[in-house]
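Peer 1: Take a look at the following structure, please.
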Amino acid sequence: MADHDAKEEQRPLNQWKRRKGGFMASMFIFVLSALDNMGFVANMVSIVLYFYGVMHFDLASSANTLTNFMGSTYLLSLVGGFISDTYLNRFTTCLLFGSLEVLALAMLTVQAASNHLHPEACGKSSCVKGGIAGMFYTSLCLLALGMGGVRGSMTAFGADQFDEKEPTEAKALASFFNWLLLSSTVGAITGVTGVVWVSTQKSWHWGFFIITIASSVGFVTLALGKPFYRIKTPGDSPTLRIAQVIVVAFKNRKLSLPESHGELYEISDKDATTEKIAHTNQMRFLDKAAIIQENSKPQAWKVCTVTQVEEVKILTRMLPIVASTIILNTCMAQLQTFSVQQGNIMNLKLGSLTVPAPSIPVIPLVFISVLVPLYELFFVPIARKITHHPSGITQLQRVGVGLVLSAISMAVAGIVEVKRREQGRKDPSRPISLFWLSFQYGIFGIADMFTLVGLLEFFYRESPSNMKSLSTSFTWLSTALGYFLSTVFVNVINAVTRRITPSKQGWLHGFDLNQNNLNLFYWFLATLSCLNFFNYLYWASKYKYKCEDSGPGFKALGEMPLKRVERKEDYGSGRE
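Counting from 1, one number per residue, gives the positions in the sequence shown under full-length UniProt numbering.
Structure representation (structure tokens):
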């Protein structure tokens with residue numbers, strides 16, 4: 001009787017909770033995504049020209065400065081993910097880092113507007129120094145931290161508005177990632193057309209000013225949506241839980257595993273605070289962390305639960321997937337650096353209109369804005385009926401398609417560069433049209449549509465419940481490493497080819513693309529992408545989804561062998 005009364009009392013509360021979240025709450029996040037991405041992508045495709053023309057870096061240094069900045073931005077998403085999983089909730093984390101982003105954009109605007117804050121041309125690889133360098137690099141560091149923190153928390157916060165254990169909301173979650181990409185794309189289209197035109201044709205400071213205002217409005221919109229959100233409280237530190245498993249498994253390395261995994265330590269259902277994860281037979285050496293020795297009591301750093309061990313196994317299985325997508329992001333970095341520099345010396349006329357070179361990515365963005373609704377409204381429902389998978393096809397299948405297309409994009413980029421360079425050497429006054437670059441941009445845009453959404457959904461669905469932000473940030477970690485690898489490739493290939501070529505000039509040396517061998521660099525990346533795809537196929541075929549049964553098929557998402565339960569005491573966090 002008492003239980004019945006308690007359930008009756010809880011019913012209004014549960015109904016009120018169900019009214020929160022969903023696509024109504026997501027609308028505020030979509031607005032932020034569009035407005036914030038407008039500035040992010042505008043900077044991503046054009047700021048290399050600001051480095052080159054205003055800050056007087058040479059070609060290679062301009063490209064490396066951008067790739068280092070973008071790499072740092074994506075790498076710092078791990079900081080945002082860690083903080084939102086451990087200390088602050090995802091909503092607060094997003095607003096906190098958003099304020100840093102707006103401050104950094106304001107600093108960029110001030111420096112771009114003040115001629116006395118610009119360096120004098122010196123003919124060297126970098127001309128910034130003294131106070132000018134201090135303000136320049138401080139603003140870039142704050143911008144990288146702010147943008148990275150927002151990306152580390154915003155995606156997981158949006159996905160939190162859907163309960164993946166409810167079959168209906170599980171389908172909505174799959175749709176959320178597609179619509180998030182669409183909102184980002186709409187913002188990006190505005191950025192690479194309107195904002196880039198203002199920056200390159202009018203003045204850089206007006207472009208930065210527009211971005212600052214847009215981002216401010218976006219974060220205010222996010223704050224206004226607070227009454228509609230499902231805000232999850234942070235849990236135990238993910239890094240602490242991972243460290244406990246590694247340390248305890250190492251301590252118990254000489255112990256023998258029990259014959260049955262049922263003898264391993266796991267807390268009871270009534271004492272659990274997060275989802276319990278069923279035991280798997282992969283990486284059995286980690287199971288030693290869940291062995292309870294005789295005459296010992298369960299304590300943190302002495303024994304871990306099976307769920308805690310399985311969390312580490314899941315993250316470990318994800319790492320090869322992360323590594324396999326790094327080369328794709330290295331290819332993407334070229335479209336934001338060297339391809340923009342190519343476009344800058346091509347024919348920018350479209351009739352009487354002069355098109356800024358950084359605006360050429362609008363072509364793949366328009367493709368994406370059309371393909372995403374078609375994919376979501378037509379392909380996914382048909383595929384669901386065939387595969388019975390909530391997303392239509394698996395996340396790793398989407399990523400695989402993207403990897404193939406990225407290799408094709410780099411091969412095409414090399415062919416286009418040969419045509420551009422030959423015409424540039426033959427008659428520099430009549431360069432080929434900028435729109436020759438649309439082939440490589442268009443193919444890679446479709447690749448990005450498949451890969452980005454596939455990775456975000458993969459990491460969110462597969463990660464443990466208390467590591468959603470951190471795991472989602474693995475997508476941005478891959479991107480960060482791709483940008484950093486681009487810098488390494490540029491420097492190493494320049495150094496090697498300077499020694500072995502008859503001209504004693506590197507493939508990517510100096511200020512004149514017509515005297516370079518950028519096409520060979522593109523083909524090098526295309527070859528590497530092909531080899532990387534086969535590496536990805538190996539790891540993807542080995543990966544077992546969290547919702548996968550022992551057989552080859554998939555269970556419905558609502559039938560996953562996981563349980564969400566309440567816990568009465570805090571265990572495993574190291575806090576006593």
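Beta carbons: idealized from backbone N, C-alpha and C, even for Gly.
Thinking I321 and N532 are a contact (beta carbons under 8 Å), I'd like their distance in whole angstroms, please.
Peer 2: With a Cβ gap of about 12 Å, I321 and N532 do not count as contacting.
Peer 1: How many angstroms separate the CA atom of P358 from the CA atom of Q515?
Peer 2: Looking at the two C-alpha atoms, the distance is approximately 22 Å.
Peer 1: Could you pull the start and end residues of the alpha helix (DSSP H) that F91 belongs to?
Peer 2: First-last of the alpha helix (DSSP H) with F91: R90 to A113.
Peer 1: Which value, in whole angstroms, describes the spacing of the CA atoms of G392 and P381?
Peer 2: Each residue's alpha carbon lies about 7 Å from the other.
Peer 1: In whole angstroms, what is the alpha-carbon distance linking K20 and Q395?
Peer 2: For K20 and Q395, the distance between alpha carbons rounds to 27 Å.
Peer 1: Answer with buried or exposed for G551, where buried requires no fewer than 16 other C-beta atoms within 10 angstroms of its C-beta.
Peer 2: Residue placement at G551 is flagged as unreliable, the pLDDT there being 36, under the threshold of 50; the coordinate-derived value follows with that caveat. Classification for G551: exposed.
Peer 1: DSSP beta-bridge partners for residue 583?
Peer 2: With the chain covering 1 to 576 only, the question about residue 583 has no answer from this structure.
Peer 1: Considering only C-alpha positions, which residue in the set N37, T233, A172 and H56 is nearest to K129?
Peer 2: Nearest C-alpha to K129: H56.
Peer 1: Where does K555 sit, in a helix, a strand or coil, going by DSSP?
Peer 2: Unreliable placement is indicated for K555, whose pLDDT of 37 sits below 50; no coordinate value is reported for it.
Peer 1: From the DSSP output, in three-state form, read off K276 for me.
Peer 2: Residue state, collapsed to three classes: strand.
Peer 1: Whole angstroms are fine: how far does the CA of F208 sit from the CA of G343?
Peer 2: The alpha-carbon atoms of G343 and F208 are separated by roughly 22 Å.
Peer 1: With H, G and I counted as helix, E and B as strand and the rest as coil, what does DSSP make of S433?
Peer 2: It is a strand residue.
Peer 1: What does the alpha-carbon distance come out to for the pair R499 and N491?
Peer 2: Spanning the two alpha carbons is a distance of roughly 13 Å.
Peer 1: When DSSP labels each residue in this structure, what does D163 get in the three-state scheme?
Peer 2: Looking at D163 - three-state DSSP - the assignment turns out to be coil, as it is neither helix nor strand.
Peer 1: Can you look up F444 in the DSSP assignment and give me helix, strand or coil?
Peer 2: Helix, per DSSP.
Peer 1: Figure out for me which residue from F30, Y483 and Q201 has the closest Cα to the Cα of G71.
Peer 2: Closest option to G71, Cα to Cα, is Y483.
Peer 1: Pick helix, strand or coil for K20, following the three-state DSSP scheme.
Peer 2: Coil.
Peer 1: Do S237 and T86 come within 8 Å of each other at the CB atom, strictly closer than that value?
Peer 2: Yes, these two residues count as a Cβ contact at 8 Å.
Peer 1: Would I386 be called buried (16 or more neighbouring beta carbons within 10 Å of its own) or exposed?
Peer 2: It counts as exposed.
Peer 1: Buried or exposed: which applies to A278, given that a residue is buried once 16 or more other Cβ atoms fall within 10 Å of its Cβ?
Peer 2: So A278 ends up on the exposed side.
Peer 1: So, V45 versus P361, is the Cβ gap smaller than 8 Å?
Peer 2: Their beta carbons are under 8 Å apart, which means V45 touches P361 by this criterion.
Peer 1: Could you please give the first and the last residue of the uninterrupted alpha helix (DSSP H) stretch that includes A383?
Peer 2: Where A383 is concerned, the enclosing alpha helix (DSSP H) stretches over V380 to T387.
Peer 1: If we count Cβ pairs, one from each stretch, closer than 8 Å, do we get three or more for the region 152-162 versus the region 468-477?
Peer 2: Touching, yes, given that three or more Cβ pairs across the two stretches are closer than 8 Å.
Peer 1: Is it true that the region 101-109 meets the region 163-170, where meeting means three or more beta-carbon pairs spaced less than 8 Å apart?
Peer 2: No, the region 101-109 is not in contact with the region 163-170.
Peer 1: For the region 30-50 against the region 196-204, do three or more pairs of beta-carbon atoms, one drawn from each stretch, fall closer than 8 Å, so that the two count as touching?
Peer 2: Enough Cβ pairs lie closer than 8 Å, so yes.
Peer 1: Which residue marks the beginning of the alpha helix (DSSP H) containing H118, and which one marks its end?
Peer 2: H118 -> no alpha helix (DSSP H), and no H or E assigned at all.
Peer 1: State buried or exposed for D427, treating a residue as buried only when at least 16 other CB atoms are found within 10 Å of its CB.
Peer 2: Under this definition D427 is an exposed residue.
Peer 1: For C304, does the three-state DSSP call read helix, strand or coil?
Peer 2: Coil, per DSSP.
Peer 1: Count the other CB atoms, across all protein chains shown, that sit within 10 Å of the CB of K124; report buried if there are 16 or more and exposed otherwise.
Peer 2: Classification for K124: exposed.
Peer 1: Taking A243 as the reference, which of T316, R430, D448 and S77 has the closest Cα?
Peer 2: Cα-wise, what sits closest to A243 is T316.
Peer 1: Does the region 328-338 come close enough to the region 523-539 to have 3 or more Cβ pairs within less than 8 Å?
Peer 2: The region 328-338, when compared against the region 523-539, does touch it at the 8 Å Cβ threshold.
Peer 1: When the Cα atoms are used, what is the spatial distance from M449 to K251?
Peer 2: Distance between the alpha carbons of M449 and K251 is about 45 Å.
Peer 1: Compute the Euclidean distance between the alpha carbons of E457 and F177, then round it to the nearest angstrom.
Peer 2: Their backbone Cα atoms lie some 7 Å apart in a straight line.
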